[in-house]
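Residue numbers (the numbering used here), protein chains in the order written: chain A, 348 to 644; chain B, 348 to 644; chain C, 348 to 644; chain D, 348 to 644.
4 protein chains.
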Amino acid sequence: MNYGGIITPMITPFKKDGSIDENATALLIDEIDRYGVGTLFPLGSTGVFPYLSLDERKHFLKSVRDHSKGKTIIAGIGSSIVQESIEIAKFAADIGINAIVLMPAYYIKPNQEGIISQFTRVLSHTDLDLFLYNIPQLSGQWINIDTIEYLKTEFSQIRGVKDSSGDIRYFQQLTQLVSGDFTIFQGQDDLLYSSMMLGASGGVCGTTNLTDDAVRVYNLIRRGQTALALRIQLKVIVPMMNYLNSTTFPTGYYLYFYHKNNISGGYRVPMVEPAETSIRRIIDGMSFLVEESKKYK
Amino acid sequence: MNYGGIITPMITPFKKDGSIDENATALLIDEIDRYGVGTLFPLGSTGVFPYLSLDERKHFLKSVRDHSKGKTIIAGIGSSIVQESIEIAKFAADIGINAIVLMPAYYIKPNQEGIISQFTRVLSHTDLDLFLYNIPQLSGQWINIDTIEYLKTEFSQIRGVKDSSGDIRYFQQLTQLVSGDFTIFQGQDDLLYSSMMLGASGGVCGTTNLTDDAVRVYNLIRRGQTALALRIQLKVIVPMMNYLNSTTFPTGYYLYFYHKNNISGGYRVPMVEPAETSIRRIIDGMSFLVEESKKYK
Amino acid sequence: MNYGGIITPMITPFKKDGSIDENATALLIDEIDRYGVGTLFPLGSTGVFPYLSLDERKHFLKSVRDHSKGKTIIAGIGSSIVQESIEIAKFAADIGINAIVLMPAYYIKPNQEGIISQFTRVLSHTDLDLFLYNIPQLSGQWINIDTIEYLKTEFSQIRGVKDSSGDIRYFQQLTQLVSGDFTIFQGQDDLLYSSMMLGASGGVCGTTNLTDDAVRVYNLIRRGQTALALRIQLKVIVPMMNYLNSTTFPTGYYLYFYHKNNISGGYRVPMVEPAETSIRRIIDGMSFLVEESKKYK
Amino acid sequence: MNYGGIITPMITPFKKDGSIDENATALLIDEIDRYGVGTLFPLGSTGVFPYLSLDERKHFLKSVRDHSKGKTIIAGIGSSIVQESIEIAKFAADIGINAIVLMPAYYIKPNQEGIISQFTRVLSHTDLDLFLYNIPQLSGQWINIDTIEYLKTEFSQIRGVKDSSGDIRYFQQLTQLVSGDFTIFQGQDDLLYSSMMLGASGGVCGTTNLTDDAVRVYNLIRRGQTALALRIQLKVIVPMMNYLNSTTFPTGYYLYFYHKNNISGGYRVPMVEPAETSIRRIIDGMSFLVEESKKYK
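Right, dumping it as structure tokens:
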């Protein structure tokens, strides 16, 4: 199996009462499909996986698989409890998911040896392809390049890295590891252009829950139209992320998804609906940018 | 029920294979009892609660209760999944635990409104006394003083705060909230003296898994022997914490507990045993300080 | 010469056009004297020394000496150019200043060996007593405890440390160095109480440009009235610093000094007068606290 | 006058006794010329300008001009004392320097209004072209994009920005300001490739005191040979910077310059010569990379 291109780190749509909304999930995948995304990534950070029980995660994974329209699925198995990661990995394998993504345990942060022990343990219980997930601003710990090189050498199941650190220096070190079998993905939409120019395999782009701009940037770069790709990144994606992240992450993504699809959605505790002025600013800003985006052809 | 004095944030003793060691737990409580500690706090950060499954946590709580020798027990119910916190809280009430401790959801960090929604939800499902746990270096988020004041006013069940931030400015703001019904605990052993002088109700002191020095500091201050208390803090507890934290938190506490009690203990993945030189340094340093401590009478 | 007690890190009063106002300087010293402060510290951070030319610094020092009413004077000789520090030190000695204060070179940050080389060079050109000034949030670099111990041993001229880091852990390490000949001063007014309880020699308190509260806290502690001292710190000094620092440091101190003394003062570029709403908030807040302070007798 | 391409932020060569070495300066410029650099930038951070007296700065500027071989010269006028910046600017104009570079005042950090007041004051005293210098890790303060846009609109003398923050998000915002009259330079050598792909005007590259690799990267990109440019950046410049910055900035640049040119140079207090093992590692690493670089043709 080959990986690459644009991946959507899916939101987990909720009903007003905070339970998962399966209909909205199907609708979300329809939208993502329409945007031209090839790979779904349920249960990532944008999907607020740490707020979902194990049963909910399994149920959501199944529901994503059922509506997946043949797309590749990479499932988040994040947990500080190694046994839980293994349990989700097994479930994912059972229902035909293609690959899994895992970050270092969080809250109590492991050192690099601990990260190796965590991945080694998980990999001894699954045959699925696995992606390392570097997201120090949430997990509290970096996966060092050395650690990645070690794990890559030890385990052929490890097929790449998603880096959401936003540190382009770290990222350009990572890109040296790219090969046919090993892929590097940028997890920050506003760094997609620069990352592709550095040789990234693609991007895990939260905005593709909402618009196709990241897909366009990716396709334009592949076709050599780098100038237009850069303009879309700077004039559309950068301000889009500013609006979406003007409230506590990842609430803005949910808010605008509900709005644009006319869904009376909700938030899982401890997420809370933003204040009215904040809602207004985000919706107006996003609506403006969606129009703006059409100018860049 | 009144709270105060020194609380032990218990380590969770493991066997070589990483499973919980019930015999060592009983021995640990014997030791803590011998140190003169009045309150046990299982499933805190020192207890690496995020690495334990829900079943393990319940089992450990029960085992602590069974060996508790009549001590007050405050149980950690930390989780980013609100439903899990509620489940542990209910179990704790069922088996006669006195109170619970909760920090803000982690990894995906809630804002202050989110923290309020999280605590409100949990408190609507339990009648136990609850302590707020501020530990931004692990949870990634502060509980603002305003938020604490709001929650304190809304919920009479909230009986205090454990602050492990290490920020004495924040802490001295907190101490203004101390009353007969509301207690403030310092979570950093090396700030116990200063915190007591600011009016703290006591300390949640990790070193009391290993020695009685924090209890001595507390008792000396209560008896007005502040100069000696300060000497013990500076000459024993400060260097002790330097040794214990010279390896990834909280591994040092486990290492020395196993050593001093001649237990062939283990570590829960992704904790790893430190390198041999590191082990040597910690054990030698701690042994020296345990002797040193006897000088300060 | 013995040092100790409360020291005022003097603002440098400016005229509307940004030049130094000698009359206002005299008035400032009268006020400081009325507050009961024993030692003047011109050309510190509160005095925005880095914005003043060498000639201005000398002129200001002389003017402080002329109006000093017999108080001890400790002069800031801060500069990244070692030769400049030496030049001011020599001038200070010539006009009868008692001691000097120096922080590590800034902008290009020296390592610990560099700090030692800087102080060694300066001390080879002056016989004045010298205080080390640890203020990493401005200088960009900590003076390690080891470095302080080394310098203390090498140079008997070094008579103490002013620590403005706000880190009580570092500070409590420092207090172990206190002796008859070596003094440790707290540079953050809101940590004066805690620092005195740890054995500090006194405080370098910016609020004593404006009120006598820090002097009262110090005197109360010396007389054993610690509870009242703590109340003044928490109820007056802490909120006072919040108001004063609600605008870019140290503008708030200048603003309120001009206001309370009815001076039409100015700011040295690149300081700028705060916005009208900010001015209002600071003046109202400070005026309220000055009244509030009278309650604590 | 048009600006662009690669600029060398010159070291200031010192003799053993710490005084400026004019012969070594001439030799340095010969080397830089040989590397194909078009513009000299004396008195920047790499030149440790904050450690030099005003007289030394003037003398060094003159000496650079005398040996400049017709190259464009952009002089650093950094100081927290506005009057000093003006004095150097005037001197620079008098001796025929082309442009000046200025960062926000440091140690006491101005807010954005203060930065505007600082630049406004300086610009009212000089007709030279000026570049804004964003280097928050040294100056302690960012120049906001809004501030840059304001200053750019107000003052036609402002001809561009040198950004050394290393933050590619900030930098990509900056590149939107690039025009025929307004240039944006990357100040971090290891981000040169990415910056050029984002539309930067060029780079201010410290390694061009020592090797021609950054010039090669720049020229390759201009000729469309981006793949080779990227390889040189990743395989040569990135590890080069790791070696050079393995000791306190900017000592490594001086060390290797002295070594490769067989100069018995020195360091200005508070710079200190690194330890022997550190010297060895830097020299060996750099020598290896200089050879390595030849492979990438």
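Beta carbons are placed, not taken as given, at the ideal position from N, Cα and C, and that holds for glycine.
In this text the structure is predicted, and so the values were computed from the model without any measurement.
For the segment 446-460 of chain C, the set of positions with a beta-carbon nearer than 9 Å to some beta-carbon of chain D reads M450, P451, A452, Y453, Y454, I455, K456, P457, N458, E460 in chain order. Distance from the CA atom of A:T355 to the CA atom of A:V551, rounded to whole angstroms, is 6 Å. Residue contact with chain D for A:D493: absent (no Cβ-Cβ distance below 8 Å to any residue of chain D).
Cα atoms of B:G365 and B:Q504: separation of roughly 36 Å, rounded to the nearest angstrom. Comparing alpha-carbon positions, the option among C:Y453, C:R468, C:D560, C:D474 lying closest to C:W489 turns out to be C:Y453.
One alpha carbon belongs to D:Y600, the other to A:Q523, and they sit about 26 Å apart. Pairwise C-beta distances place the segment 504-514 of chain C out of contact with the segment 567-585 of chain B, as fewer than three of them are shorter than 8 Å. Counting along the chain, B:R615 sits inside no beta strand (DSSP E), nor does DSSP assign it H or E at all. For D:F438, the enclosing alpha helix (DSSP H) begins and ends at 429-441.
In this structure, the CA atom of D:Q533 is about 20 Å from the CA atom of D:Y590. DSSP places D:L575 within a helical segment (H, G or I) once states are collapsed to three. Counting of Cβ neighbours within 10 angstroms places B:G612 among the buried residues, the total reaching 16 or more. Not a single CB atom of chain B sits nearer than 8 Å to the CB of A:Q504. The beta-carbon distance between A:P617 and B:Q430, rounded to whole angstroms, is 12 Å. This is too long to meet the 8 Å contact definition. If you check the CB distance, B:M450 and B:Y480 come in under 8 Å.
C:N349 sits in coil when the DSSP states are folded into three classes, being neither helix nor strand. Neighbours of C:Y398 in chain D, taken as residues at a C-beta separation under 8 Å, are given in chain order as S427, I428, V429, A452, I455. In its chain, beyond the 5 residues on either side, I579 have a beta carbon closer than 7 Å to the beta carbon of C:R563. In the same chain as D:D559, and ignoring 5 residues on each side of it, the C-beta atoms closer than 7 Å to its own belong to Y382, G383, in chain order. Residue pairing of B:Q523 in beta bridges, as defined by DSSP: absent, with no partner found. In this structure the segment 456-463 of chain A does not touch the segment 399-406 of chain B; the number of beta carbon pairs closer than 8 Å is below three. Taking 8 Å as the cut-off, the Cβ atoms of A:I358 and A:T393 count as close. DSSP places C:K409 inside the alpha helix (DSSP H), whose first and last residues are 401-413. Identification of chain B residues near A:L591 by a Cβ-Cβ cut-off of 7 Å yields none; the smallest Cβ-Cβ distance measures about 15 Å. Close to chain A, meaning a Cβ-Cβ distance shorter than 8 Å, are the following residues of the segment 389-418 of chain B: S392, V395, P397, Y398, L399, S400. In this structure, DSSP gives D:K607 a helical state, which the three-state scheme calls helix. Residue pairing for D:Y454: DSSP places it in no beta bridge. Residue state for D:T595 is assigned as coil, using DSSP reduced to three classes. Between B:Y603 and B:I584, the beta carbon gap of about 14 Å keeps them out of contact (Cβ cut-off 8 Å). Setting aside the 5 residues that flank it on each side, D:F438 is surrounded in the same chain by K405, each with a C-beta closer than 6 Å to its C-beta; the list follows chain order. Contact of D:Q523 with chain A by beta-carbon distance below 7 Å involves L581. The shortest CA-to-CA distance from B:L390 to any of B:D368, B:A422, B:D528 is the one to B:A422.
By the Cβ-count criterion, D:D413 is exposed, with fewer than 16 other Cβ atoms from all chains shown falling within 10 Å of its own Cβ. Under the 10 Å beta carbon count, D:M348 is surrounded by fewer than 16 other beta carbons and is classified as exposed. Taking the beta carbon of A:M544 as reference, the chain D residues within 9 Å of it are Y540, S541, M544, L545, T573, L577, listed in sequence order.
Note on geometry: alpha-carbon atoms of D:F502 and C:N556 lie some 39 Å from one another.
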